[in-house]
Amino acid sequence: MKIPAIPRGRRLLTAVVSASFLVIGALPAGAAPVPVDPTDRYIAENDHPMGSQIAKHEGSEPMVLVPQDVNVQAVVHGIDVSGWQGNVDWAHWWNQGKRFAYVKATERNNYRNPYFAQQYNGSYNIGMIRGAYHFAIPNATSGAAQADYFVSNGGGWSRDGKTLPGALDMEYNPYGATCYGLSKPAMTGWIKSFSDRYHALTGRWPVIYTSTSWWSQCVDGDFSSTNPLWVARYASTVGALPYNWQVWTFWQYTSSPIDQNYFNGAYDRLQVLANG
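Throughout the sequence shown, residue numbering follows mature numbering (1 follows the signal peptide of the UniProt record, and there is no 0), covering -31 to -1, 1 to 245 in sequence.
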């Protein structure tokens, strides 16, 4: 039986895929098998990994070994993970030179990553500076409500020198219209609601993850004075940044063989971001 390819960022249980999926009769063309395990099913139905919709809409270049930004003098290497990665071998990624990680905690206000504890605590225990992220669904509930859900389910912050401020993942709608049916002012208001609520709860402004193309289509506000930028661009150069940001803090530049990122600065500057 041929199993359809797993989409970008979705590498869940590839070693046991034939045992983990239920197939009844012949699959329609392009259809995916149905996960049997309840945890696998929960992830398959609810978890959209960071950048999955950006790659779907904007495409990506083959893995770039040494992406460049001529304005950057030093970088720290890191990764991001979601429920699709399951239990992560953190020692492996540490030995690959990764020194920070972002872990998906929540999506909308009804999904929690079932592997969050292993991923979040495991990255910390191996020595990485780690943070959590939330995949936004802006037409579901208010920004403030999703910030509450995020902080209540792993997205908080503490000044321990090893915890990064939470990240808000803003990208193409996996369920329909690119901008979730919101006007630019309404989307800007939603992001501000999330950001303000997160700041009120934690004392930190959330990192905003997005692509320049999506942001230009859907947002008309300026968050450059408060929120660090995490830009997604799967190419050899970072390209133009979203409105009014003059510098990127994180750059997600590839998904091969896992989502990989740069932090813009030396390790001591990453520690400063963690400490607030």
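All C-beta atoms, glycine included, are put in the ideal place defined by N, C-alpha and C.
Residue burial classification, residue i (beta-carbon count within 10 angstroms, cutoff 16)
i, result
"E76", "buried"
"D129", "exposed"
"D237", "exposed"
"F(-11)", "Legend: pLDDT at F(-11) = 36, less than 50; position of this residue unreliable, value from coordinates given subsequently. Buried, by the Cβ-count rule."
"D228", "buried"
"A13", "buried"
"P197", "buried"
"S225", "exposed"
"S51", "buried"
"P107", "buried"
"V207", "buried"
"Y84", "buried"
"Q65", "exposed"
"T171", "buried"
"residue 263", "What the structure shows of the chain is the stretch from -31 to 245, and residue 263 is not part of that stretch, so it cannot be assessed."
"P(-4)", "Residue placement at P(-4) is flagged as unreliable, the pLDDT there being 44, under the threshold of 50; the coordinate-derived value follows with that caveat. It is exposed - the Cβ of P(-4) has fewer than 16 other Cβ atoms within 10 Å."
"S182", "buried"
"S92", "buried"
"Y144", "exposed"
"A136", "buried"
"G28", "exposed"
"T218", "buried"
"T195", "exposed"
"A101", "buried"
"N142", "buried"
"N233", "buried"
Beta-carbon gap between residue i and residue j smaller than 7 Å
i, j, result
"N230", "Q240", "no"
"F119", "H17", "no"
"A201", "S180", "yes"
"R173", "P134", "yes"
"F163", "G123", "no"
"A116", "R81", "no"
"S185", "N213", "no"
Per-residue DSSP class, three states only, for residue i
i, result
"F192", "coil"
"Q65", "coil"
"D58", "coil"
"V41", "coil"
"H17", "coil"
"Y149", "coil"
"N94", "helix"
"F(-11)", "Its pLDDT being 36, under 50, F(-11) is placed unreliably by the model, and the measurement read from it follows with that caveat. Of the three classes helix, strand and coil, the one that applies to F(-11) here is strand, per DSSP."
"Y203", "coil"
"W214", "coil"
"M(-31)", "Model confidence at M(-31) stands at a pLDDT of 25, short of 50, so the residue's coordinates are unreliable; what they give is reported in the following sentence. Looking at M(-31) - three-state DSSP - the assignment turns out to be coil, as it is neither helix nor strand."
"W220", "strand"
"Y84", "coil"
"I227", "coil"
"N233", "strand"
"residue 314", "Since the displayed the chain opens at -31 and closes at 245, residue 314 lies outside it and no answer follows."
"G245", "coil"
Nearest neighbour of residue i, chosen from the options [CA to CA]
i, options, result
"A243", "T181, H168, W126", "W126"
"D58", "I95, A43, N79", "I95"
"P175", "D9, W62, D38, I160", "I160"
"A235", "Q65, Q42, H26, S182", "Q42"
"G245", "H168, S29, I177", "H168"
"R10", "Q22, E27, G55, S29", "G55"
"H26", "Q215, A209, E140, Y149", "E140"
"T147", "V5, N15, I23", "I23"
"A60", "M97, N40, A86", "M97"
"K131", "Y89, G158, S121, T157", "Y89"
"T110", "G158, I177, V216, D38", "G158"
Minimum Cβ-Cβ distance from residue i to chain C less than 7 Å
i, result
"T75", "Of the protein chains in this structure there is only one, and it is not chain C."
(message) I'd like to know if the stretch 70 to 87 and the stretch 44 to 51 are in contact, where contact means that at least 3 CB-CB pairs between them fall below 8 Å.
(response) Flag = yes, the stretch 70 to 87 and the stretch 44 to 51 touch.
(request) Pair every Cβ in the stretch 147 to 157 with every Cβ in the stretch 181 to 195, then say whether three or more of these pairs are closer than 8 Å. (result) Flag = yes, the stretch 147 to 157 and the stretch 181 to 195 touch.
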